Structures are given as C-alpha cells and as structure tokens.
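>
Numbering (this note's numbering), first residue to last: 35 to 918.
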C-alpha cells in the first residue's frame, strides 16, 4: 500500500463518471511514481497515453485501481497477476441487482478470489471509493480532491463515512497517513489492514468505521496487536439490528450483536465511540498529538458558567479534575485579577485578555498534577477571542503541557479556532466535544493498563472432562439438544461450580418420599426434554414444607402441563432442598455462540426477570480472574455484591472463579452451544447454582477444539513432560500469571545474558514488558517455558507474521543452567511447533559476539545471512520444509 507505480484501469475523461473522478484525483495528487492509464479505446487522457490492455504496459504496476464493468474484472485480475501486480483496488460494484443481487454478487466475488489466488494478488474492495496515501501524494479515490498528509489512518466499511471524514479533515487541517475504503471485503479485511498499520511507522493512530467483521480471530489478533502500540478508535454501525434467530436460553436472547461487538472491542483494547461526531472529535485530539501527562484535566476559562458545564461533562464521562497545588494558587493569586476563582476550573473572568491567558497557562503548566489544560473562551465586547487564541499559541506553557482549545461561539470564535488549528492545537466549538476529545485519549490509556494487569496465580482447575463428554454424547445419541436439569448440574459440578443437591422422581409418590428423606422445605421442578423454561408452564414449586404439599404440587404442575403444553413429554420431577440464603444476590452466568465471534460469556442480574432487567456484561473467553472481575464490575448488580446496609459483601472471588470455570468448560467441550446458570446465588459464603440449562450440538466436522474461539484459549494440549537425560522436566506454553516467575527468572540472568537476549543492558524486566511477554496471542505467538519443578529454567519464543510465511524466534536459558542442552531442546521444540502451524521459515537476530547462540543455530540447521553494514546483529534463517 506504498506503491512506486499505479495503473488506472478504466481511466476516462467522461464527465460525471467514477473513472473520470478517480483519474482526475490521481493525476492531481502529486504522486511522484509512475502513473499508467488503461482504457480499452486507447488514445490519450489528460494528455497522457492510454494503453488498451494491461499487457501493453511497459512495466508492471505495484498497485492497480479498477473502475471497469464487473464482468471484465476477473480477466483483468488474471492479467495483473501475470504481470506481477501485487494489489488491486476494485472500485466497481458487483453485477447483481434485483432480488437475487446478493447471491449473484457473492458468486462474482468468488470468481475474483479464484482469479487472484494463483498470483497471491490481494484485492481491496470491491464496491469501495478507493484508497489514498497523502504522504505519497496518492489519491486513488473518488473522495475529496486533496488531503493533508498526517499520521492518522482512517479505515471505513462505508465509502460515504470515509469521504465525510476525509473532507472534515481537510477543513480542520487534520492529516492522514492512509484512507482505506474497505467496501465488500472480498479479500482484504479489517484484520489485514490493522496488521499493516501496526507495522506502519507513519501511522500514530487509527480511526475505524465498522459494520461487520468477517474473520473474527484474525481481526482480534490484529486489533490486539495494533492497540498495544497506538490508539484505535472505532465506530460500529448497525448496532440495533434484530437478532438473526431465536435462542433457547436467556443468555442467547440477552447477548445481542451490538453488545458482542462492544465486548470484542473492549477485549482488544479499542476505544469505542457512538456517533460520527465522536469519531471526528477523536480525530481532532489524535491528529494534534495530544499526550496528557496525567489523566487529570485543568480547565482555564473566561466564563464561570462554561467552566462549570465542562466540569460536569468531564465527571459524566468518567474524567478527573486536577487539584491545583497550593504553590500554583499562590502564584496565580499574584498574577490574576482579584476575582479569579482560586480553584479548578480556573475562571480568569470575562475581561481576561491575551496576556492573562498566557500567564495562567504558564502557571498551570508548572503544576505537575495537571495532565492537560482545556483552554476555553467565550467572546465578549471587552476583549478579543482571536487575541486570546494567539496568546495561548505563544505561551511558554503550551510547550510543557498539552492544550485543548474550546472557543464557543460564531464568527469571532471561529477565527480564534482557526488560530489554534494553525498552531497545531485541537480546537472545539462546544464543551462536550472538547471533553470527549480529551477522554478518548484517557480511555485508551486506561484500557491499556487494564489489559496489562497480571492475573493472580490460581490452583490448577480439577475437572472431569471425560464425564462431561459422556453426558453430552449420551444426550446427542438420544437426539436430544437440551440436557436435563440433573445432567446440567452434573456437568457444572464436574468443573467445580457448586450446585444444589438434585434427585429425580418418576411420580408424585416418589417425589414425596425423596422430600421426606432429604428434609423439608424442598423445591420440586418439572423434568421435561420438551419444555425450555419450566416456570412458563407452572413447572416450579418452592418452599414445600410437607409430604402432602409435594404431592399436591406435582399433581398441579402435571395438570398445567397438560393444558399449556399438551404435547410435551413429562420425564419426571426434580426434588431439591430449599437453599436458605436470605442475603444472597441472584446472578445469571451464561454462555452462547455468536455467529461472528464464536463463544461468548455473560454475567448479570439473574432470576426469572433477567431479560426484563437486562443488566448484563459480556466477555470473550478465555477468561482469567482479572477479566472475570472486569466483566462483573460492568454490571449494576455488582453494587449489591459489594454489600450495603446490614448486608455483608458477597464473595466476588467465588463469582469470578465460577466464570473462569465456565470459560474452561466451553473451551474443553465444543458440543456446548448455549448454557445458563440462573440463578447463581452469591453471598458472603460463596456461590451455588440453583438451576442450569445446557444446549448441546454436534461440532463441525474436523474442527479443532479452539477453532470456534475468536481468541485462542490456552493450549493445554501443548503441555508435556520431557525426559532429558537424568532430568524430568516439564514444558508448557507461558501463561499470563507467569509474570512474577518470568521476572524472577530474568533477575537470575547475568548482565551479559540479559544483553544477549534483549540487545542492551536492563536492570529489571518492567511490568509493561513482562505483561507483553506473558499475555500473548496464542494464535500468532507462542512461548514455551521449560520448568524444573516450579523453577523456570528456560524460555523459547516464536512470533509469526500474519500470513505464517515467516516467524522469528528468541531463546533464553537460565545462566546457572547453561551447558546442559536446554537451549537445543527448547529450540527444536519451538521449530517443530512452528512447522505444525504451517510456518515456512524461521529467522532470528543474534548479536555478533553471542557465540553460544550462533553455534547452536548452526548445529540445528540455521544458515547465517550477513546483515547490512553497521548492523550490530547477524540474521540466521532456517526453512522448516525439510524439518523432520
């Protein structure tokens, strides 16, 4: 997407045509590379020769832009592929129209992919407005004519949204590194683009408009990768589309598409906005390189009312007002009018002129508790708004603390905003837009910290997966998709989730006998494979205190079923002791399958009115205690769990543990399609599941255990014990809770070994780096730890490119364990894993003086490649095609 040459296929001067608009933009953009024009009639266009065919070009173009009728495009893709072109932007839409348009266009897109595949040619689009790289002077789109180069990438599934964003950027002086119209995403999708932008040093932030995601795992891997190093702001369109199909559980009906996308974006570390205006606001702050020193804001204003409004909005958005130091207040006391506010917001009153703004800003800049300054101005007849803006841009403090402008009003205020824009300061026309612009940066920073939290080390989960699989397979063999309540309880118990004791009775007499044996009071529930929600047909009776009450309850619910669901089979009755936990909170835990992101988990307010209350939080598995805590804290019911009045706080760790166990259950047993635990009682004594419902289905043929997850779960199948000479060692993938162990391992390395591994001296492995090395994407990256008992003695790492053509390895062995063959053991293990994932070749960078690593690489079959002159390291490479 940084081409040296471009070919425009379908170039024309015909007025009003897309081809003419794109051709005009390309020729006028200032692109310094070769521009070739292709038109089947030949001749000249804008004074340039137009070739009749792609094969007539004097040289292959890096990038092709296609604007011809749909029927011609598969053949053009073949011709471009044969010529050596690597990327084609297809602006043309598909041939379909009318009632069968969707199927016709889908078949046409498949033809495009089949034509491109032999040549590894990538297709952007079709049905898009084009592509622009303003830094190259390339505008191969029919969007606005000119763009300013900058360091924001704009990526949109809607051409109209991208064009609007681009035009707004021109008006505001905001520059872009790339503008990418995704169109129908036949080939290149959001994951591909995010991977590219992660590696693009000219892109500092990304704005996205998303209507739908295609390959969820690729998207999540790419999004998590880019969000670690630069902000990504995303607007999701189509948030309120109706659910595609009915579901058989509360979880399925409560987990709507918009909520799932929100959960996915949050898990990836993306900042979500709710409207196009917010997207513009984010572009304003990102485009002007706002990087707050802290997350606390100082408000500088010439009007007390607008300062109060800005403060309210800041608090509403979850922001924090800076508390001024006494020294700052004393300093401003000497320099301001006696009527200034002596607090934050810093109201320097309505007659504040330019010098007063500058002095106040300098004072706030020297207060280290101030992360950024929101400078506000309301035009008055006493002073000039333009003069105030010039004072802000020229103040010394402006170079010390980030400044956001908010000049409220019409013509004069606009002139002030223009002054701020010209000086590289973001400027808004309302307090809400200014505050939101600041908070987008704050939310990104908070999100990154949240993603880097180290989960606690928890005891290894003891689960009876074999029992669960036998229960599930038994139901499927009987062609049942819903487990009975007793079966569902056994499944939960097998994964350590506490359940109420449950017994099955065939009739009223047996139910009464069981009740006498287990003790009153009891609950009796209908057992039927045909009825989804028992309470809907009167199939639940609680607090039964006598044998007669049980007999009457069973007879009554049998009669109701015959009336309300006369075709349903009655398989029996469930008898349970009543659980007396008067201060417990009713929760719902659940799992369901989203068509895009695969398994999702839900936690929220439970009970029969769960869907009406609609208090829930969704999370993408796999979960750890930190992620479970985060999801729980996003519910309203969590306030009840924290205790109030005479109610002690509930055991929130037990709730989190149940969520983690549920996450592991659906990862281990792919047949589970939907699951409800409702209610899950939670109080100070822990949790207990009173009712459960599990829907099962046959998994897709040949699908691996983790394939349906958008984020690959911890690959437990890669754990192994290794006999190494006389030593018995363990090797397993690294886990997020390994951070303290990894830091201890690094501290035991000699300074020289640290330098060899990290290419420089380092006293301590920082939390940020340790989190990055332990909280990995198991789909594209793998780190194996070698353990002697509980002691980490080595780490081997492999990081693959998105296309898995190449991966890079790294290797570290404890300084006091070197010379025992651990390095070769780890390296060979890493290479075999890489081959199993389809990696074609592995490379590594080794310091020239690291003779041990160079000798090991040679021994294992790597060959050396001389680095460029002056490079401090040597590149070693190995093809995995011949690895046995």
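All C-beta atoms in this analysis are idealised placements derived from N, C-alpha and C, irrespective of residue type, glycine included. Predicted, not measured: the structure shown is a model, and the values here were computed from it.
For the stretch 747-756 against the stretch 850-858, are there 3 or more C-beta pairs whose distance is under 8 Å?
Note that the stretch 747-756 does not touch the stretch 850-858; fewer than 3 beta-carbon pairs, one per stretch, sit closer than 8 Å.
> Tell me whether residue 441 sits in a helix, a strand or coil according to DSSP, three-state version.
Within the chain shown, numbered from 1, the residue matching residue 441 stands at position 407. Of the three classes helix, strand and coil, the one that applies to residue 441 here is strand, per DSSP.
> Might you give, ordered along the chain, the residues of its own chain that have their beta carbon closer than 7 Å to the beta carbon of residue 436, omitting 5 neighbours on each side?
Reading the chain shown from its first residue, position 402 is the one you call residue 436. 324, 325, 326, 406.
> So, residue 95 versus residue 39, is the Cβ gap smaller than 8 Å?
For this step, residue 95 is matched to residue 61 along the chain shown. For this step, residue 39 is matched to residue 5 along the chain shown. Yes, these two residues count as a Cβ contact at 8 Å.
> By the DSSP assignment, the alpha helix (DSSP H) with residue 781 in it spans what residues?
In the chain shown, residue 781 corresponds to position 747, counting from 1. Counting along the chain, the alpha helix (DSSP H) containing residue 781 begins and ends at 773-781.
> Could you name the residues of the same chain whose beta carbon sits closer than 7 Å to that of residue 481, not counting the 5 residues immediately before and after it, in chain order?
As a working mapping, residue 481 is identified with position 447 in the chain shown. Cβ neighbours of residue 481 beyond the five flanking positions: 303, 305.
> For residue 732, count neighbouring Cβ atoms within 10 angstroms of its own Cβ and tell me buried if that reaches 16, exposed if not.
Here residue 732 refers to the residue found at position 698 of the chain shown. Flag for residue 732 reads exposed.
> Would you decide whether residue 600 is buried or exposed? Buried here means 16 or more other CB atoms lie within 10 Å of its CB.
If you number the chain shown from 1, residue 600 lands on position 566. For residue 600, the number of other beta carbons within 10 angstroms of its own is below 16, and it is reported as exposed.
> According to the Cβ coordinates, are residue 525 and residue 722 closer than 8 Å?
By one-based count along the chain shown, residue 525 stands at place 491. By one-based count along the chain shown, residue 722 stands at place 688. Contact flag unset, no.
> When the cut-off is 8 Å and only beta carbons count, does residue 70 lie next to chain D?
Judged by its chain identifiers, the structure shown contains no chain D, having just a single protein chain.
> Tell me whether the beta-carbon of residue 689 lies closer than 8 Å to the beta-carbon of residue 638.
Walking along the chain shown from the start, residue 689 turns up at place 655. Walking along the chain shown from the start, residue 638 turns up at place 604. Between residue 689 and residue 638, the CB-CB gap reaches or exceeds 8 Å.
> Residues in its own chain within less than 8 Å of residue 561 by CB, not counting five upstream and five downstream?
Start at 1 with the first residue of the chain shown, and residue 561 comes out as number 527. Answer for residue 561: 518, 519, 520, 538, 604, 605, 606, 607, 608, listed in chain order.
> Taking the beta strand (DSSP E) that residue 756 belongs to, which residues open and close that run?
Here residue 756 refers to the residue found at position 722 of the chain shown. Residue 756 -> beta strand (DSSP E) spans 754-758.
> Under the rule that 16 or more other beta-carbon atoms within 10 Å means buried, what is residue 678, buried or exposed?
Numbered from its first residue, the chain shown carries residue 678 at position 644. That one is exposed.
> Among 501, 165, 390, 916, which has the Cα closest to the Cα of residue 870?
Along the chain shown, one-based indexing puts residue 870 at 836. Per the Cα distances, 916.
> From 155, 52, 662, pick the residue whose C-alpha is nearest to that of residue 178; which is it?
On the chain shown, position 144 is the one that residue 178 refers to. That would be 52, whose Cα lies nearest to the Cα of residue 178.
> Can you name, in chain order, every residue of its own chain whose Cβ lies under 6 Å from the Cβ of residue 99, other than the five neighbours on each side?
On the chain shown, residue 99 is found 65 positions in, with the first residue counted as 1. Closer than 6 Å at Cβ, skipping near neighbours: 42, 123, 174.
> Do you know how far the Cα of residue 215 is from the Cα of residue 276?
For the purposes of this step, residue 276 is taken as the residue at position 242 of the chain shown. For the purposes of this step, residue 215 is taken as the residue at position 181 of the chain shown. Residue confidence for residue 276 is low, a pLDDT of 43 falling below 50, so the modelled location carries little weight; the figure read from the coordinates is stated next. Each residue's alpha carbon lies about 26 Å from the other.
> With a threshold of 7 Å on Cβ separation, who are the neighbours of residue 881 within its own chain once the five nearest residues in sequence on each side are excluded?
Along the chain shown, one-based indexing puts residue 881 at 847. Taken in chain order, the residues that qualify are 790, 793, 906, 907.
> When you compare only the Cα positions, how much space is there between residue 595 and residue 564?
By one-based count along the chain shown, residue 595 stands at place 561. By one-based count along the chain shown, residue 564 stands at place 530. The straight-line gap from Cα to Cα measures roughly 11 Å.
> Three Cβ pairs or more, each shorter than 8 Å: is that satisfied between the stretch 767-781 and the stretch 805-818?
yes
> Any heavy atom of the ligand SAH inside 7 Å of the beta-carbon of residue 100?
The ligand content of the structure shown is nil, which means the ligand SAH is not present either.
> So which of 557, 221, 501 has the shortest CA-CA distance to residue 530?
Looking up residue 530 in the chain shown gives position 496. The residue with the shortest Cα to Cα distance from residue 530 is 501.
> Below 6 Å CB to CB, which residues in the same chain sit around residue 477 once its five sequence neighbours on both sides are set aside?
Position 443 of the chain shown holds residue 477. Only 305 meet the Cβ criterion.
> Under a three-way DSSP split, which group does residue 624 fall into?
Taking the chain shown and counting its residues from 1, one reaches residue 624 at position 590. In this structure, residue 624 counts as strand in the three-state DSSP scheme.
> Hey, how far is the Cα of residue 592 from the Cα of residue 669?
Indexing the chain shown from 1 puts residue 592 at position 558. Indexing the chain shown from 1 puts residue 669 at position 635. Within the model, the alpha-carbon separation for residue 592 versus residue 669 is close to 38 Å.
> Could you tell me which residues DSSP pairs with residue 536 in its beta bridges?
Sequence index remark: in the chain shown, residue 536 carries index 502 (1-based). Looking at the DSSP assignment, residue 536 forms no beta bridge with any residue, so it has no partner.
> Buried or exposed for residue 294, please, with buried defined as at least 16 other CB atoms from any protein chain shown within 10 angstroms of its CB.
Indexing the chain shown from 1 puts residue 294 at position 260. Residue 294 is buried by the Cβ-count criterion.
> When the Cα atoms are used, what is the spatial distance from residue 247 to residue 726?
For this step, residue 247 is matched to residue 213 along the chain shown. For this step, residue 726 is matched to residue 692 along the chain shown. So the two alpha carbons sit approximately 32 Å from each other.
> As a quick exercise: from 610, 597, 360, pick the residue whose alpha carbon is nearest that of residue 578.
Position 544 of the chain shown, counting from 1, holds the residue named residue 578. If we check each option's Cα against that of residue 578, 610 comes out closest.
> What does DSSP give as the partner residue(s) for residue 243 in the beta ladder?
The residue labelled residue 243 in the question sits at position 209 within the chain shown. Within the DSSP secondary-structure output, residue 243 pairs in a beta bridge with 190, 269.
> According to the Cβ coordinates, are residue 254 and residue 344 closer than 8 Å?
The residue given as residue 254 occupies position 220 in the chain shown. The residue given as residue 344 occupies position 310 in the chain shown. Cβ distance not < 8 Å, so residue 254 and residue 344 don't count as in contact.
> Roughly how many angstroms separate the alpha carbons of residue 203 and residue 182, rounded to a whole number?
Reading the chain shown from its first residue, position 169 is the one you call residue 203. Reading the chain shown from its first residue, position 148 is the one you call residue 182. Answer to the nearest angstrom: the Cα atoms are 8 Å apart.
> Classify residue 415: buried if its beta carbon has 16 or more other beta carbons within 10 angstroms, exposed otherwise.
Locating residue 415 in the chain shown gives position 381, counting from the first residue. Burial call: exposed.
> Between which two residues does the alpha helix (DSSP H) carrying residue 146 extend?
Position 112 of the chain shown, counted from the start, is the residue given in the question as residue 146. Residues 135-150.
> If you reduce the DSSP assignment to three classes, tell me which class residue 879 lands in.
Residue numbering aside, residue 879 sits at position 845 when the chain shown is read from its first letter. If DSSP states are grouped into helix, strand and coil, residue 879 belongs with the strands.
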